[in-house]
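Trainee:
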Amino acid sequence: MILKANCKINLGLDILRRRADGYHDLETVMFPVAGLYDEVEVTRTAGSGTTFTQQGIAVDCPAEQNICLRACALMRARYGIGGVHIRLDKRVPFGAGLGGGSADGTAVILALDELFALHLPEEELIARAAELGSDTAFFVRNTPQLCTGRGERMTPFALDLGGLTLVVVKPSEGVSTREAYAGVRPRVPAEPLAERLRRPLAEWQASVTNDFEASVFAAHPAIRAVKHRLLEAGALYASMSGSGSAVFGLFEGPADAFVPLEGEFLHRETIR
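Take the sequence shown: its position 227, counting from 1, is numbered 241 in this note's numbering, and each next residue is one higher.
#1: What alpha helix (DSSP H) runs, 4 residues minimum, are completely inside the segment 131-199?
#2: Going straight from the alpha carbon of residue 25 to that of residue 161, what length do you get?
#3: Quick check on the burial criterion: 16 or more other C-beta atoms within 10 angstroms. Buried or exposed for residue 237?
#4: Going by the beta-carbon positions, is the gap between residue 89 and residue 126 smaller than 8 Å?
#5: Can you check which of these residues, 106, 86, 92, is closest to residue 99 by C-alpha distance?
#6: Hey, is the segment 180-192 in contact with the segment 235-250, meaning 3+ C-beta pairs nearer than 8 Å?
#7: With a 10 Å radius around its C-beta and 16 neighbouring C-beta atoms as the bar for buried, classify residue 41 as buried or exposed.
#8: So residue 209 is in the beta strand (DSSP E); what residue range does that whole segment cover?
#9: What does the Cβ neighbour count give for residue 281, buried or exposed, with the cut at 16 atoms within 10 Å?
#10: Residue 90 lies in the alpha helix (DSSP H); which residues open and close that run?
#11: Using only the alpha-carbon positions, how far apart do residue 235 and residue 118 sit?
#12: Could you tell me whether the Cβ of residue 71 comes closer than 8 Å to any Cβ of chain B?
#13: State buried or exposed for residue 166, treating a residue as buried only when at least 16 other CB atoms are found within 10 Å of its CB.
#14: What are the boundary residues of the alpha helix (DSSP H) that residue 234 is part of?
#15: What residues in its chain sit with their C-beta under 8 Å from that of residue 47, if we drop five residues either side in the sequence?
#16: For the 8 Å Cβ check, are there 3 or more pairs between the segment 91-98 and the segment 56-66?
#17: Quickly, what does DSSP pair residue 41 with across the bridge? List them, please.
#18: How big is the Cα-Cα spacing for residue 289 and residue 133?
#19: Measure from the alpha carbon of residue 114 to the alpha carbon of each residue in 212, 260, 215, then state which is nearest.
#20: What is the residue span of the beta strand (DSSP E) that residue 283 lies within?
#21: Between the Cα of residue 270 and the Cα atoms of 178, 17, 31, which residue gives the shortest distance?
#22: Buried or exposed, going by whether 16 or more other CB atoms sit within 10 Å of the CB of residue 6?
#23: Counting beta carbon pairs with one atom in the segment 61-80 and one in the segment 189-199, are three or more of them shorter than 8 Å?
#24: Is the CB-CB distance between residue 202 and residue 30 below 8 Å?
#25: Among 140, 223, 200, 70, which residue has its Cα nearest to the Cα of residue 51?
#26: Here's the rule I'm using: 16 or more other beta-carbon atoms within 10 Å means buried, otherwise exposed. How should residue 151 be labelled?
#27: Could you check what DSSP says for residue 122 in three-state terms: helix, strand or coil?
#28: From 173, 67, 256, pick the residue whose C-alpha is nearest to that of residue 210; which is it?
#29: Just the C-alpha distance for residue 219 and residue 93, rounded to the nearest angstrom, thanks.
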């Protein structure tokens, strides 16, 4: 079976505190980007092992460490599934804060659940996905979610951005998660993110922030410049997604005024 493992953006990202286990408590609303996705094909095979092929964008990790294989190993250890072949067509840029790898891992879990008729309840699928990373669980539901904890605790968040144009831009440089967290300064805002996101979109730019931006922009001026260019092109709201380096803008109309620079990845879609 073939799944479209779409990515996500973060609408606001508050880093609240550092935890004793080394992770951080955060609050963010994750929003699916339907038109930007990796293609993940999972098929049953004879035997009990896993084979893997990859095409598209080259990923900067050995194939044997790919999250798709980690997801398959997790499911085999838990549920004793049989042999499978996984084909990944990588289209979402990595090192971007878009959760493309997390989406791939969750897609494998969902595919194996169906292929082997496990019929796992949603809460169990979420628990398995959360074992792979902090934002993987989001892709089980793949609808707007207010995410807390390290990102794995979710509450549906009513949000209608239908009709707006979403522009996602990734400059040529990337940002590692380790680098992003090293520069962050945790804080608890006076007003919770959910309340700020319930304001009109026109007010978001002044109040809905991403706590990674300050240190990432200081170290990577090219990423800051993308945000400024999106706003200058007429974005109602622009922000870095996750820990970067991708930046997105929300526009009324087709957003034709934004022109990418050479070497920048660009995705544009109308939100449904």
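For glycine and all other residues, C-beta sits at the position ideal for the given N, C-alpha and C.
Mentor: Put simply:
#1: DSSP runs (the alpha helix (DSSP H)) wholly in the segment 131-199: 136-144, 152-155, 191-196.
#2: As a first step, residue 25 is located in the sequence shown; it is residue number 11 there, counting from the start. As a first step, residue 161 is located in the sequence shown; it is residue number 147 there, counting from the start. Using only the alpha carbons, I get a separation of about 11 Å.
#3: In the sequence shown, the residue the question calls residue 237 occupies position 223. By the neighbour-count definition (other C-beta atoms within 10 Å, threshold 16), residue 237 is a buried residue.
#4: Translated into positions along the sequence shown, residue 89 becomes position 75. Translated into positions along the sequence shown, residue 126 becomes position 112. Taking the C-beta atoms as reference points, residue 126 is found nearer than 8 Å to residue 89.
#5: Taking the first residue of the sequence shown as position 1, residue 99 is located at position 85. Ranking the options by Cα distance to residue 99, first place goes to 86.
#6: yes
#7: In the sequence shown, residue 41 corresponds to position 27, counting from 1. Residue 41 is buried by the Cβ-count criterion.
#8: Counting from one through the sequence shown, the residue named residue 209 turns up at place 195. According to the DSSP assignment, residue 209 belongs to no beta strand (DSSP E) but to the alpha helix (DSSP H) extending over 207-211.
#9: Indexing the sequence shown from 1 puts residue 281 at position 267. Under this definition residue 281 is a buried residue.
#10: As a working note, residue 90 is residue 76 in the sequence shown. 81-93 is the extent of the alpha helix (DSSP H) around residue 90.
#11: Against the sequence shown, residue 235 aligns to sequence position 221. Against the sequence shown, residue 118 aligns to sequence position 104. Cα to Cα, the separation comes out at about 30 Å.
#12: This model lacks chain B altogether; it includes just one protein chain.
#13: Counting from one through the sequence shown, the residue named residue 166 turns up at place 152. The residue is buried, with at least 16 neighbouring Cβ atoms inside 10 Å.
#14: Here residue 234 refers to the residue found at position 220 of the sequence shown. Neither: residue 234 is in no alpha helix (DSSP H) and is coded neither H nor E.
#15: Residue mapping note: residue 47 aligns to position 33 of the sequence shown, counting from 1. These residues qualify, in order along the chain: 20, 21, 22, 23, 112, 180, 182, 281, 283.
#16: For the pair of segments examined, the segment 91-98 was found to touch the segment 56-66: the number of CB pairs separated by less than 8 Å reaches three.
#17: Along the sequence shown, read from residue 1 onward, the residue named residue 41 stands at position 27. Residue 41 has 28 as its beta-bridge partners, per DSSP.
#18: Outside the modelled stretch of the chain, which goes from 15 to 286, sits residue 289, for which no answer is possible.
#19: Looking up residue 114 in the sequence shown gives position 100. The option with the nearest alpha carbon to residue 114 is 260.
#20: Here residue 283 is taken as the residue at index 269 of the sequence shown, counted from 1. 279-284 is the span of the beta strand (DSSP E), which, as asked, contains residue 283.
#21: Along the sequence shown, one-based indexing puts residue 270 at 256. Comparing Cα-Cα distances from residue 270 to each of 178, 17, 31, the minimum goes to 178.
#22: Here the chain covers residues 15 to 286 and nothing more, so residue 6 does not appear.
#23: no
#24: If you number the sequence shown from 1, residue 202 lands on position 188. If you number the sequence shown from 1, residue 30 lands on position 16. Cβ distance < 8 Å, so residue 202 and residue 30 count as in contact.
#25: Working through the sequence shown from its first residue, we reach residue 51 at position 37. Answer by Cα proximity: 70.
#26: Position 137 of the sequence shown, counted from the first residue, corresponds to residue 151. Under this definition residue 151 is a buried residue.
#27: Counting from one through the sequence shown, the residue named residue 122 turns up at place 108. Residue state, collapsed to three classes: helix.
#28: Position 196 of the sequence shown holds residue 210. Closest by alpha carbon: 173.
#29: Position 205 of the sequence shown holds residue 219. Position 79 of the sequence shown holds residue 93. When rounded, the distance between both Cα atoms is 46 Å.
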